[in-house]
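Before any comments, here is the structure.
Residue numbers (the working numbering), protein chains in the order written: chain A, 1 to 290; chain B, 1001 to 1186.
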């Protein structure tokens, strides 16, 4: 298996599409914390699930454009190779994103893992996915044909599946300035505090106006094949005066609308209860004191 | 690919497949067997090394990611065992002699507090703790627990490890307080 270090987006696209690695057999790698385990499970070269053998890894972790983290009047841009550790320590970033990054893995994982890697791995329990959706993030994807922008909530198509085409590379995530004006929060429950995979996670973003929920976006992970918007809960909350009772109602609405499954980490019924509790808690945090 | 990086303060150049695990580069190519393999999938932290001062799992690290960076393993933790981070002038060409070296305050504290039983997790614990103390010289117990949350120990129950990190933090603080004026006079 070849390992290629890309210095620019153009080089990465060229390397991934080169003759040596035709047919989707090149994989982009940033931190590699998920990919290394997947390759190991599959005995070195073939990916699990019958995917083609990986003949080359194209490392995008040092591409300057993917390492940008810029906040300005037009909003926030976070490069795909920005480390989870960096996000976890930047208190000035939206709270749900900081809290989500902190929930992932261990310090060792966060020192290698990246925002883009967590998104593109597309595990339904990934802890930055719901925050990026709740903040209305837009993903910038590059291919030799050009660039396109995809809203975060349309990016995920199934467990470990996204709209990324073969050879397409996630460059950055953009957030409009409006998304930074509101308040956000993230909550998760795992089987322990460190190195735990979320049994459910919830992110909310709210813009309040004189005690009312003027605008809201809420999303949850580990409750469906992809992270999902909590549309019923949002509808119930939008325009209403905040109260703890309203938070409870929204929690039950969310518990009804999610579609969790029973698996090794938690039964579906428990996941519904968690969805209600976590949404209620996250809402209490964003509305507290406002 | 030709890899060029710094290991325990010394420059290293070697030929290795970029997709190899850094863990195998260290243990098999460089003979630095202080870095242990536990789970081999990034969950136990036994293989923790510092990459540019940050703790990472060497079992998940592709060798190519060492390129141009600085690695610290447990063999380089004690100041006399090589040029430790922060001291620029190692004796040129001095061979690593870990057996004769003084211990790092973290290693001393682990011994004094009885924070080592079977010892398999200890190199990783020491390096995660070093990364914390470099960043947060006076950590709370909660900060220590968070910093060690990627390092599993099946013997000690962690209490003595947390005590040892606190003890090392105090020792390092005394060292800095003592060394400050001396350093200024030199």
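Cβ atoms here follow ideal geometry from the backbone N, Cα and C, with glycine treated the same way.
In terms of Cβ geometry, residue 3 of chain A and residue 1001 of chain B form a close pair [threshold 8 Å]. Against chain A, the CB of residue 1008 of chain B has no partner CB under 8 Å away; the residue lies outside that interface. When CB distances to chain B are screened at a threshold of 8 Å, the residues of the segment 57-68 of chain A falling below it are 57, 59 and 61, in chain order. The residue among A/258, A/152, A/208 and A/245 with its C-alpha nearest the C-alpha of residue 232 of chain A is A/258. A Cβ-Cβ separation of about 18 Å leaves residue 1059 of chain B out of contact with residue 1031 of chain B under the 8 Å criterion.
Distance from residue 1064 of chain B to residue 1052 of chain B at the Cβ level is roughly 15 Å; contact not present, criterion being Cβ atoms closer than 8 Å. Taking a C-beta cut-off of 8 Å against chain B, the contacting residues of the segment 94-112 of chain A are 105, 106, 107, 108, 109, 111 and 112, listed in chain order.
Secondary structure note for residue 1151 of chain B: it is in no alpha helix (DSSP H), with a DSSP letter that is neither H nor E. For residue 3 of chain A, the nearest beta carbon of chain B is closer than 8 Å to its own beta carbon. With contacts defined by Cβ atoms closer than 8 Å, residue 185 of chain A and residue 211 of chain A do not form a contacting pair. In this structure, the straight-line span from the alpha carbon of residue 34 of chain A to that of residue 234 of chain A is close to 32 Å. Restricting attention to beta strand (DSSP E) runs no shorter than 3 residues, the segment 1023-1052 of chain B encloses them at 1048-1051, ordered along the chain.
DSSP places residue 1057 of chain B inside the beta strand (DSSP E), whose first and last residues are 1054-1057. Nearest in C-alpha terms to residue 285 of chain A, of all of A/57, A/192, A/99 and A/37, is A/99. The alpha-carbon separation between residue 27 of chain A and residue 208 of chain A amounts to approximately 43 Å. Of all C-beta pairs linking the segment 139-153 of chain A to the segment 91-98 of chain A, fewer than three are shorter than 8 Å, placing the two stretches out of contact.
Neighbourhood of residue 84 of chain A in chain B, by CB distance below 8 Å: empty, with the nearest CB roughly 11 Å away.
Taking C-beta atoms under 8 Å as the contact rule, residue 1055 of chain B and residue 111 of chain A qualify, at a distance of about 6 Å.
Straight through space, the alpha carbons of residue 255 of chain A and residue 37 of chain A are spaced by roughly 33 Å. For residue 1007 of chain B, the enclosing beta strand (DSSP E) covers residues 1002-1007. Contacts between residue 1105 of chain B and chain A, judged by CB atoms closer than 8 Å, are missing: the closest CB pair is about 21 Å apart.
A straight-line Cα-Cα distance of about 41 Å links residue 217 of chain A and residue 1066 of chain B.
Taking all protein chains shown into account, residue 1021 of chain B has 16 or more neighbouring C-beta atoms within 10 Å of its C-beta and is therefore buried. For residue 1014 of chain B, the uninterrupted beta strand (DSSP E) run begins and ends at 1010-1015, by DSSP. Within the segment 202-239 of chain A, the runs of beta strand (DSSP E) that reach at least 3 residues and sit entirely inside it are, in chain order, 212-221. At a C-beta separation below 8 Å, residue 32 of chain A has these neighbours in chain B: 1060, 1061, 1062 and 1065. Taken through DSSP and simplified to helix, strand or coil, residue 270 of chain A comes out as helix. With respect to residue 71 of chain A, residue 30 of chain A sits apart: the two C-beta atoms are not nearer than 8 Å.
If you ignore the 5 residues before and after residue 13 of chain A, its C-beta comes within less than 6 Å of the C-beta of 144, all in its own chain and listed in chain order.
When DSSP states are grouped into helix, strand and coil, residue 194 of chain A belongs to the coil group. The continuous beta strand (DSSP E) containing residue 157 of chain A extends over residues 156-158. With a cutoff of 8 Å on beta-carbon distance, residue 122 of chain A and residue 156 of chain A are scored as near each other. As far as DSSP is concerned, residue 163 of chain A takes part in no beta bridge. Of the candidates A/239, A/229, A/280 and A/171, the residue whose Cα lies closest to the Cα of residue 250 of chain A is A/280. Cβ neighbours of residue 262 of chain A within its own chain (closer than 6 Å, five residues either side excluded): 268.
For residue 1033 of chain B, the CB contacts under 7 Å within the same chain, skipping 5 residues up- and downstream, are 1027 in chain order.
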